[in-house]
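Chains as they are written, first to last, in the working numbering: chain U, 1 to 362; chain W, 363 to 724; chain V, 725 to 1086; chain G, 1087 to 1448. What follows is a set of notes on a single structure, which appears directly below.
There are 4 protein chains.
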Amino acid sequence: MSSSFGSVFKISTWGESHGVGVGVVIDGCPARVPLAVEDIQRELDRRRPGQSDIVTPRSEEDKVEILSGVLDGLTLGTPIALLVRNKDHRSSAYDEMQHTYRPSHADFCYDAKYGIRAWAGGGRASARETIARVAAGAVARAVVKALAPETDVLAWVQQVRHCVCPTKAEEVQRTVVESNIVRTADTASAEQMAQLIREARSAGDSLGGVVACTVRNTPVGLGDPVFDKLEATLAHAMMSIPACKGFEVGSGFAAAGCCGSEHNDEFYMEGERVRTRTNRSGGIQGGISNGEDINMRMAFKPTATLMIEQDTVNDARQEVKLRGKGRHDPCVLPRAVPIVEAMAWLVLCEHLLRQQSVSCMA
Amino acid sequence: MSSSFGSVFKISTWGESHGVGVGVVIDGCPARVPLAVEDIQRELDRRRPGQSDIVTPRSEEDKVEILSGVLDGLTLGTPIALLVRNKDHRSSAYDEMQHTYRPSHADFCYDAKYGIRAWAGGGRASARETIARVAAGAVARAVVKALAPETDVLAWVQQVRHCVCPTKAEEVQRTVVESNIVRTADTASAEQMAQLIREARSAGDSLGGVVACTVRNTPVGLGDPVFDKLEATLAHAMMSIPACKGFEVGSGFAAAGCCGSEHNDEFYMEGERVRTRTNRSGGIQGGISNGEDINMRMAFKPTATLMIEQDTVNDARQEVKLRGKGRHDPCVLPRAVPIVEAMAWLVLCEHLLRQQSVSCMA
Amino acid sequence: MSSSFGSVFKISTWGESHGVGVGVVIDGCPARVPLAVEDIQRELDRRRPGQSDIVTPRSEEDKVEILSGVLDGLTLGTPIALLVRNKDHRSSAYDEMQHTYRPSHADFCYDAKYGIRAWAGGGRASARETIARVAAGAVARAVVKALAPETDVLAWVQQVRHCVCPTKAEEVQRTVVESNIVRTADTASAEQMAQLIREARSAGDSLGGVVACTVRNTPVGLGDPVFDKLEATLAHAMMSIPACKGFEVGSGFAAAGCCGSEHNDEFYMEGERVRTRTNRSGGIQGGISNGEDINMRMAFKPTATLMIEQDTVNDARQEVKLRGKGRHDPCVLPRAVPIVEAMAWLVLCEHLLRQQSVSCMA
Amino acid sequence: MSSSFGSVFKISTWGESHGVGVGVVIDGCPARVPLAVEDIQRELDRRRPGQSDIVTPRSEEDKVEILSGVLDGLTLGTPIALLVRNKDHRSSAYDEMQHTYRPSHADFCYDAKYGIRAWAGGGRASARETIARVAAGAVARAVVKALAPETDVLAWVQQVRHCVCPTKAEEVQRTVVESNIVRTADTASAEQMAQLIREARSAGDSLGGVVACTVRNTPVGLGDPVFDKLEATLAHAMMSIPACKGFEVGSGFAAAGCCGSEHNDEFYMEGERVRTRTNRSGGIQGGISNGEDINMRMAFKPTATLMIEQDTVNDARQEVKLRGKGRHDPCVLPRAVPIVEAMAWLVLCEHLLRQQSVSCMA
């Protein structure tokens, strides 16, 4: 239960930060989907540490190996296993973590839940766990692209600390996002945000922010009403990303301040297609996609590891002091972008495959 | 898939607004949990229309019948089936809905997904669907109370339009919440909010708002790391409630503006118990409860049905005008409170039962 | 977990023999499948007691009510809830069962597992539970018939005690099976079997037997390799029927005595279609249907309730004597036929719907 | 869906016979279960080819690597990933399989289902798939042994062709079974069976047989009534093993010929323990274990690969001749023994963990 996601396109991830590696098994991928190892590696490279001076300088190559389920560039319909070996298995930088609970980390809770914990580097709670998400997301993307080629997912850093990128969702361009090290949607914001992150790093501190994500050209009809509404499964997916503290779709929290006459999306016809004039629904009504852009925003807390001394306790129940060591991201946002996209692809793929059986009488 | 929730404490709900009734089957409830029909009816009465002058005056008695799974006030361990019959099966007020898509409702999307739709009263997308959630939530509450009696869930209306109730989560009292028709946490806010709702109703308009929810005395160790983090399953649960547009836990979106030294929760010892001095984590770290209060906020959009003329289209793909009829809530917030609590109980129950097998070697 | 079956076409059944009723919720039925209440009632009538002098004379009308999920004769794609009310709720014939464990019944095990048990009439372990299977099976049949109209499932009583019906699977005719009260495949066997059953009833005894089942015109490609092989899910389905003690497919246990040169099914071409000259595989190879008839045999033990005094124990751990009371089937086989068919339809429907997403790139 | 088993102790297997390797991810293993790599390797060694002159002489070392989920000899509660690398990746012996469908193999059905197939060595349908079962079964065994140490699973070859080992289930000894190359329960049978297998191999032919399995000291109360009866999930597990054609429990098919007075198991008290004088129920009543030995029998067909020319067709729909090449088991039974045991352990572990939450109020 702890590490599986999806019911038709089902993924099971595994691996601790300082173990042999991390990986994922995908059970339920349709047969004959074109899939190359490069499709997966490209996304992992976007997630990898060491891409720029504002992320952790740790050296992790993160080369993915396809262990099963693909033949001559096509999926076989049977499980796809992916493996990324860990590189530098241990570092004395982590020794203190064996007995001391880092504030706002998972250490104490893992001990409380399991009575045991892979303490080195955070174990299963390490950010290395997200490698498996990104790898699986790349396969999900391949499936969606094969079935609904126009569908696209685009995420970007919309806010770092109090600096907000003003670009509207419908105007964000992937080339701009990928051309700056922060992965935000305009160059001016990118410079300010990068500067904020460098300052935080110098201070041994860290910063929070917001990642926004838009899904364009979603097929109409995705999402299962009642519990597995499209926004509910997206919220589940996004809120499962480490450090994510909030999720909103369409008008989101702003809806709370609206009256209905301000908020409703009126329908009109655009040729043969039913459209809405506004998109406060965020592309989803009644839990089902209506074909408009799906717009989401996810809040991320600042990295919990600080190079500043903090009060904490250890597993002997003693109050102690702790100062972080090692190499950490002062701001996870730039590297969270491909993770957010991966989770969106996984949700879209799941619903697209579910829809095959729901609509088989159409 | 469309209407099931939970994997160990699994519920399957069913029913259209103008069909025979609505109900739920619960598979996975432990044996010998004390459960009386009154435990369920009490929660349904809190959700029922017609409780005050600010909610819909529709007359729905919503009497629940336990069809199976309970003997002499104890659960049997086998499935519990609950049934609430519908009362006034049809109304001509809904005739127009047969072919016209109401703006910001599910009508168009159901047609697009299924090629068929129970149009009367919204069918499966009606708010009557939430009866089954509240009924199942009452059973989940009984299970949690039997295993962890101190645990409590308390929701309240924190915002209506721009009126925000200032009471802090840790100071909210159930008696106050239940003593005012808005279900907010102080009397002054209650009057202002009620007034806003009455004005909206007079104008044929509707209002959005925020429901807050706190879980007190949560057992430490609930939540499955990686995908089924406690906050991720809570987000899934809450975002599946009709009209919910946003979810945040702990610091939520405010975390985005913080630096780590402002945000981290330092640990200290309170007697034998590990505590945090602040609670920006919202009671959850690494996806697992740490014993502090779990604080959540959910944004709800204004009711989509307006007594004001709007532009829309019909299923013949013609642009038409529509003005709502019938009796509707101008603001869903007061009645959303027991629904939010039900979803929280369902999530807590699921994780508490999962924890039985995870920790069996402890 | 206790009462759910299927993952895409998922059913949840509920109900005790002497409670309000029994029923099922089906989640995952595709939209727009033609479905009439008569389709379900017809199968329930085949399962009902009191059809002839060789089955229990209990009077159970077993009228099914569709509570949700169907509009104007078409499925809506949302959950279908079915309800059959119980009629004669209690009988003093069962009073002894409150504390005494009937030999070869579930009484002792339910007490051991749950620490509580709905003792009247067997509660959840009563044969009335199979009503929900038959009702759900009728819906599954409607789905399969809509997607693969040629597919047919036919079961019959092949053996009672030592009397074996010699008709070959491929020659069995539904009209013959339904024209005799035993539901066997030829008239001479029917008379002998009926006589055996009458003799057993007179002696207060009961009889076991074999139900055979053939699936004709199965679509090629159904079944998931490895764990959810078609024969494995069929075995699961059949072995879950009360009193079923054995399952075999194709050559079955006879395969154990064969050498490969006797057993292999050689392929040949019949026009454009790949066929096998023999069918020891029973229509399934590698867990996947090959288009040949799927032939299964299920062993049923004799009814455990006897009108003969037996040794047993009670829940005070005392050794006592017990003689059955009430009205029981001396042989469950005739009424097991529609139950076996229902389980086969459920498995076929599940795999047919799974196949929609597996093969979406074809 | 294709390769997952279990819902609480959930395994996902992967790997093709001539790919990189085979493996399994186990999600849901409790924390702090003692587990050493040797526990797993020991079982794999029992399954490995080349153990004696009556099994395939292929050289497969099958060394297992624990990739995650274990620290210092204890499980972490997070996923356990196991990997066995394939050794000799390709052989020209298999080239013919690329286009020709081997009789009674999965080749044709995989092509029909997926439109693509990993033809070399049978791909996913190869017996190498069972490595992952045996590895996962060893982990399941460790969990059961930790929670219910007296429980034991013992399988043996009971029949090869027409040679039947007469030893009663309750008298079978593991030391005897493991001391002969056939893995049968007495020395005389072992010699006869080995001789039969050698003769079949010389003739290029193969043999079927029966594996029996007994579970001793099962905890009372395992198994979920209705669909997941203990015998139903065991049947599912066993019938999913390649080449398995039949399953029976307790009296099995012999029950069909019995009358109730011959078949019922009368209860008596043995000290404080409720026992049955006979065990035709096979240790399971109402789908729930009663504490008596669980006795099962599984029929296996003869290996489909023959060194004898057979008629078949190819993927161009032409009728052709085929004679097997390569090194194959003339009789799978000796190596099926550890696979049968592994599947039994997996089912027991699943139900034992489910029982933790069902009985949490006890």
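Here a beta-carbon is modelled for each residue, glycine too, at the ideal position from N, C-alpha and C.
Any Cβ of chain W closer than 9 Å to the Cβ of U/Y114 would place that residue at the interface, and such an atom is present.
Listed by position along chain G, the residues whose Cβ is nearer than 8 Å to that of W/V496 form an empty set, because the closest Cβ is around 23 Å away. Linking W/E427 to V/K787 through their CA atoms gives a straight-line distance of about 19 Å. With distances taken between CA atoms, V/N988 lies nearest to G/L1293 out of G/L1293, G/E1358, G/G1307 and G/G1207.
For the 9 Å CB-CB criterion, G/R1440 and W/S719 form a contact. No Cβ of chain W is located within less than 9 Å of the beta carbon of G/Q1371. In this structure, the alpha-carbon of V/F1024 lies about 10 Å from that of G/S1337. Taking C-alpha positions only, W/N657 is separated from W/G644 by approximately 5 Å. Residue burial annotation: W/N542 is buried, with at least 16 other C-beta atoms found within 10 angstroms of its C-beta. When the five nearest sequence neighbours on each side are left out, the beta carbons in the same chain lying within less than 6 Å of the beta carbon of W/A597 are those of F609, in order along the chain. The CB of G/L1233 comes closer than 7 Å to the CB of C722 in chain W, given here in chain order. The beta carbon of G/V1306 falls within 9 Å of a beta carbon belonging to chain V, placing the residue at that interface.
Distance from the CA of V/R852 to the CA of G/H1437, rounded to the nearest whole angstrom, comes to 25 Å. For a Cβ distance threshold of 8 Å, nothing in chain W lies close to G/T1319: the least Cβ distance comes to about 16 Å.
Relative to G/G1373, the option among V/G981, V/D831, V/T824 and V/A870 whose CA is nearest is V/D831. Distance from the CA of U/R275 to the CA of U/A190, rounded to the nearest whole angstrom, comes to 34 Å. Using a Cβ-Cβ cut-off of 7 Å, G/A1342 is close to Q883, G932, G933, V934, A1023 and F1024 of chain V, given in chain order. Closest option to V/E990, judged by alpha-carbon separation, among G/K1407, G/V1239 and G/L1130: G/K1407.
Annotation for W/E632: the continuous beta strand (DSSP E) segment containing it runs F629 to E632.
Listed along chain U is no residue with a C-beta nearer than 7 Å to that of V/R865; the closest approach is about 15 Å.
Of all residues in the stretch 797-813 of chain V, only G801 and T802 place a beta-carbon less than 8 Å from a beta-carbon of chain U. About 18 Å separates the beta carbon of V/L807 from that of V/G845, a gap too long to meet the 8 Å contact definition.
The closest CA to that of W/A605, considering only U/R280, U/E270 and U/G209, is found on U/R280. V/R826 sits in coil when the DSSP states are folded into three classes, being neither helix nor strand.
Of the other Cβ atoms in all chains shown, 16 or more fall within 10 Å of the Cβ of V/H1052; this residue is therefore buried. Within the DSSP secondary-structure output, V/P758 pairs in a beta bridge with V/L798.
Straight through space, the alpha carbons of V/H886 and G/A1340 are spaced by roughly 10 Å. Of the residues assessed, U/N290 falls on the buried side of the cut-off, its CB having 16 or more other CB atoms within 10 angstroms.
Residue contact with chain U for W/T638: present (Cβ-Cβ distance below 9 Å to some residue of chain U). Residues of chain U with a Cβ closer than 8 Å to the Cβ of W/A468 are, in chain order, P225, Q285, G286, G287 and I288.
Counting only Cβ-Cβ distances below 7 Å, W/A480 has contacts in chain V at L795 and L800, in chain order.
Its chain contains R117 as the residues whose beta carbon lies nearer than 6 Å to that of U/Y110, once the 5 sequence neighbours on both sides are disregarded; these appear in chain order. Judged by their CB atoms, U/G15 and G/A1117 are not nearer to each other than the 9 Å cut-off.
For the stretch 1262-1289 of chain G, the set of positions with a beta-carbon nearer than 7 Å to some beta-carbon of chain V reads A1286 in chain order. Annotation for W/K475: the continuous alpha helix (DSSP H) segment containing it runs D469 to Y476. Runs of the beta strand (DSSP E) lying entirely within the stretch 603-669 of chain W, each at least 3 residues long, are 606-611, 629-632, 635-638 and 656-662 in chain order.
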